Amino acid sequence: MGGIVDAQKLFDEIPDRDLVSWNSFISGFSRKGSLGLCLDAFHVMRKEFKMAPNEVTLVSIISAYTDNAALYGGRCFHGFLVKNGNLGEVKVVNALINMYGKLGMLDAAYDLFCALQMPNLVSWNSLLVVHAHRGLSVEAMNIFNSIRRDGIQPDQATMVAVLQGCTEMGITQLAQVLHGCIFKCGFAADMLVLTSLLSLYAKSGRLNVAKDVFGGINHPDRVAWTAILASYAMHGLGREAIEVFGDMVKSGVCPDHVTFTHLLSACSHAGLVSEGREYFEDMSAVYGVQPQMDHYSCMVDLLGRSGLLEDAYGLIKKMPMEPNTGVWGALLGACRIHHNIDLGKEAAENLFRLDSSDHRNYIMLSNIYSASGRWVEASKIRSLMKERHLVRNIGYSLIEHGNRVYQFLVGDQSHPDSDKIYAKLEEVIQKICEAGLVRQTEFVLHDVDEDVKVDMVNKHSEKLALAFGLLVTSNDMPITIIKNLRICGDCHSVMKLVSSIEKRTIIVRDPKRFHHFANGICSCKDYCSTLPTYVPARWAAYKYVKVITLHNSVQVAVLFIVHRASVHPVVCEDKKLV
DNA sequence: CTAGGGTTAG
């Protein structure tokens with residue numbers, strides 16, 4: 063809409079047409095997210111005022127490309143910079159590293175970094191952050207190691223990024239080593255770093271250690287309080303999360319929208335419907351936080367899970383904004399639990415309308431149909447999925463033993479002791495079947511015989527990891543399994559029974575939360591998923607998972623050599639030992 | 001130029 067004219071008119075009102083004015087003008091547009099105006103101003107500045115940009119100008123423009131996810135334009139601009147010899151300034155290259163990293167071109171980011179004569183700490187951090195944000199834990203650790211090996215003193219941003227990068231793996235040993243680094247590098251009293259650390263511990267299954275780290279923070283702020291509250295919620299301790307909320311308010315720290323998201327989710331998973339309703343009312347009335355889309359999702363989830371499907375639906379109808387996929391997804395999930403096909407269909411239709419590229423939406427609807435024996439409809443959805451090339455992917459489970467992390471895929475036979483693992487699994491399953499295990503196979507999407515279904519379910523990666531854990535760990539240690547998918551209903555029942563029959567504590571982290579199994583019950587109060595194992599889209603970016611998808615018999619072990627408070631993870635790819 | 005906490009369908 064006449065961008066150049068607007069930009070010029072606006073600029074005419076500024077008295078000093080020097081570089082500083084131009085830069086503040088351009089960075090203003092950049093911050094507001096208007097890439098078009100940003101470029102118009104740049105054009106006018108160069109062509110009409112014959113002004114040469116400096117690094118501030120260029121960084122603002124690159125940021126605008128990044129924020130607008132304009133990869134093509136960004137690459138052209140990169141070419142323009144090369145042509146004009148503008149890449150001498152480290153800040154400009156750092157901005158480009160950030161742009162490529164955020165827009166998914168990690169190789170380009172890496173190449174730019176390597177071409178730098180003198181990378182500064184921000185260059186390193188940018189490279190680290192883009193890998194950490196993609197969940198590339200091993201790469202993030204390698205970058206962190208390089209920083210330490212080069213004798214560079216990491217700063218707050220480095221520490222935060224490496225801690226975030228490791229959360230995806232949820233490896234306790236890694237958290238402990240990084241904890242050591244934090245002390246060694248002088249961040250023992252840094253609230254931002256400690257907040258990330260407690261979050262990492264919580265996500266590695268060590269809620270108690272997370273609690274200790276939180277206890278060591280002087281005057282925790284809103285974010286730190288929210289992090290510990292979220293940790294309790296994630297571990298299924300709804301009542302405790304509510305207590306934390308009370309303590310937070312008592313200590314004079316104001317909750318914000320993120321705090322309420324976790325609080326409502328805690329109420330939902332603890333089945334505390336009336337408390338959740340109260341907090342939903344209070345958040346705007348008492349704390350001045352207006353409910354956003356996420357809070358409506360949480361409320362729909364809370365009401366829906368507890369069986370109040372009509373209330374949940376009523377809330378959706380009353381929402382002041384157009385419900386998004388999250389809200390409909392929460393309703394659909396509730397419909398699955400309570401077998402409400404009509405409402406579930408409406409939710410699924412809305413999901414299709416809003417996003418027909420997400421394979422989860424197909425699975426959910428297909429699942430609703432197959433759960434009620436409507437195989438024709440279920441198979442229609444499945445073929446639609448196939449038609450649209452929405453492929454299913456592989457699930458895996460990680461388990462620590464010694465200094466190694468073992469990864470099991472669905473039906474994995476690559477472990478050298480695979481025979482023993484399968485034998486142990488069979489023995490355990492037989493034992494718990496005798497104890498009355500009811501197999502849950504309704505989430506198998508294929509219309510096959512019951513015993514085939516049981517066979518498919520028996521090979522789930524978490525069951526293999528569990529059998530491995532039973533074989534190699536001592537009886538007094540909990541078995542901790544990290545999964546890339548939600549745990550399925552059958553595995554969930556198996557874990558519960560094994561915990562009571564074998565008298566073991568089993569901890570399973572799925573992408574959303576923890577399940578603590580002990581004495582035949584689970585901390586999630588059975589609000590678990592009952593879905594087949596599909597990899598969510600974001601996992602497709604994982605390099606080491608990709609390797610496995612290509613060669614099914616590759617065993618990946620991440621080996622950590624702990625060496626003077628620095629970690630050197632090495633990915634070993636041992637071919638299957640036949 | 002990097003920069004803490006993130007739930008809800010899987």
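Just so we're aligned, residue 63 is where the first sequence starts under the working numbering, counting upward by one. Each residue gets a CB set at the ideal place from its N, CA and C atoms; glycine is no exception. All of these numbers come straight from a predicted model, not from anything done at the bench.
Proximity to residue i [Cα-Cα], best of the options
i	options	result
V472	G232, H140, N204, Y484	Y484
P573	T567, L547, H554, N130	L547
V285	P317, I304, A272	P317
P216	G314, R196, N187	N187
P540	L262, S266, D513	S266
E564	I494, T503, I233	I494
S555	C243, P478, F249, A580	A580
I491	P478, V516, E408	V516
S7	H577, K273, K521, C397	Because the chain here runs from 63 to 640, residue 7 falls outside it and cannot be looked at.
D474	V467, R466, N465, S459	S459
V351	G242, D252, H319, D102	H319
A237	D252, L532, A251, A264	A264
L387	S585, V362, S208	It should be noted that the sequence gives Thr, not Leu, for residue 387. Checked all of S585, V362, S208; the closest Cα to T387 is V362.
Start-to-end residues for the beta strand (DSSP E) that takes in residue i
i	result
E462	458-463
V348	First-last for V348: undefined, no H or E at that position.
Short Cβ contact (8 Å threshold) for residue i with residue j
i	j	result
L269	L225	no
T128	M167	no
I159	L183	no
E487	A527	According to the sequence shown, residue 487 is Leu rather than Glu. No, the Cβ-Cβ distance between L487 and A527 is not below 8 Å.
G163	A157	no
L405	L416	no
K153	E117	yes
L377	Y349	no
F104	I88	yes
V645	M345	In the structure as shown, the chain begins at 63 and stops at 640. Residue 645 is therefore absent and cannot be evaluated.
Q218	L262	no
D552	Q502	yes
I304	E337	yes
I430	I399	no
E230	S199	yes
H463	V534	yes
F576	M296	yes
V519	K545	no
A194	A223	yes
I461	T542	yes
F470	S523	yes
C586	H331	yes
Opposing strand residues paired with residue i [DSSP bridges]
i	result
C584	F579
T542	I569
Between the CA atoms of residue j and residue i - distance to the nearest angstrom
i	j	result
M203	S445	41 Å
A497	V560	10 Å
K605	G278	For K605, the pLDDT reaches just 26, beneath the cut-off of 50, and the residue's location in the model is therefore unreliable, although a value from the coordinates is still provided. If I take the Cα positions, the gap works out to 36 Å.
R79	R108	12 Å
A599	R196	Reliability fails at A599, whose pLDDT of 26 lies under 50, so the model's placement of it is uncertain and the value that follows must be treated cautiously. Going by the C-alpha atoms only, they are around 12 Å apart.
L81	C138	23 Å
V121	C176	19 Å
E302	Y294	7 Å
E489	D479	16 Å
L299	W287	15 Å
E372	E340	18 Å
Y468	L189	27 Å
D212	P181	11 Å
Y375	Y134	42 Å
F276	K312	16 Å
H140	T220	26 Å
S86	K273	44 Å
V192	G232	19 Å
L165	L97	16 Å
Host alpha helix (DSSP H) of residue i (start-end)
i	result
Q235	234-246
L165	Per DSSP, L165 belongs to no alpha helix (DSSP H) and is neither H nor E.
K486	480-496
E408	403-416
N520	512-520
L91	Here residue 91 turns out to be Phe, not Leu, going by the sequence shown. Here the alpha helix (DSSP H) through F91 covers 81-94.
V200	199-211
G391	387-399
I279	Where I279 is concerned, there is no enclosing alpha helix (DSSP H), given that its DSSP letter is neither H nor E.
S122	117-129
V255	253-265
T535	Element bounds for T535: n/a, residue is neither H nor E.
Distance cut-off 7 Å: residue i Cβ against heavy atoms of the ligand ADP
i	result
K265	For the ligand ADP, the structure offers nothing, since it holds no ligand at all.
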